[in-house]
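Chemist:
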C-alpha cells in the first residue's frame with residue numbers, strides 16, 4: 001500500500017514538474033514570436049506618419065518624422 005502511495009505522489013510531482021517546464025518553454029517561444037511579429041510589422045511606420053501630417057494639411061520634414069519614430073522607440 002505504501003509503495004502505491006509513493007508511486008502516486010511521484011507521478012503527481014512529475015506531472016506538475018512537466019507542466020511547469022512546458023509553461024516556461026511556451027512563454028519564451030510565444031515571447032520570441034510576438035517580438036518577431038512586432039519587428040516585421042510595426043504598429044506604425046513612416047508612411048503612416050506622413051499620411052497623418054498630410055491629413056492635418058502639413059508637409060512633414062524628414063527630421064520631424066525621424067523624431068516621432070525615435071520617440072516611439074523604433
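Residue numbers (our numbering): 1 to 74.
Ideal placement from N, C-alpha and C gives every residue a C-beta, glycine not left out.
From 54, 55, 49, 58, pick the residue whose C-alpha is nearest to that of residue 72; which is it?
Modeler: Here residue 72 is taken as the residue at index 72 of the chain shown, counted from 1. Minimum Cα distance to residue 72 is reached at 49.
Chemist: Hey, residue 43 and residue 53: beta-carbon distance below 7 Å or not?
Modeler: On the chain shown, residue 43 is found 43 positions in, with the first residue counted as 1. On the chain shown, residue 53 is found 53 positions in, with the first residue counted as 1. It is not a contact, given that the beta carbons lie outside the stated cut-off.
Chemist: In this structure, how does DSSP classify residue 71 when only helix, strand and coil are distinguished?
Modeler: The count along the chain shown starts at 1 and reaches residue 71 at position 71. Residue 71: helix per DSSP, three-state reduction.
Chemist: Any idea what DSSP makes of residue 56, helix, strand or coil?
Modeler: Here residue 56 refers to the residue found at position 56 when the chain shown is read from its first residue. Three-state result, residue 56: coil.
Chemist: Please report how far the alpha carbon of residue 17 lies from the alpha carbon of residue 30, in whole angstroms.
Modeler: Counting from 1 along the chain shown, the entry for residue 17 is found at position 17. Counting from 1 along the chain shown, the entry for residue 30 is found at position 30. Going from the Cα of residue 17 to the Cα of residue 30 covers about 20 Å.
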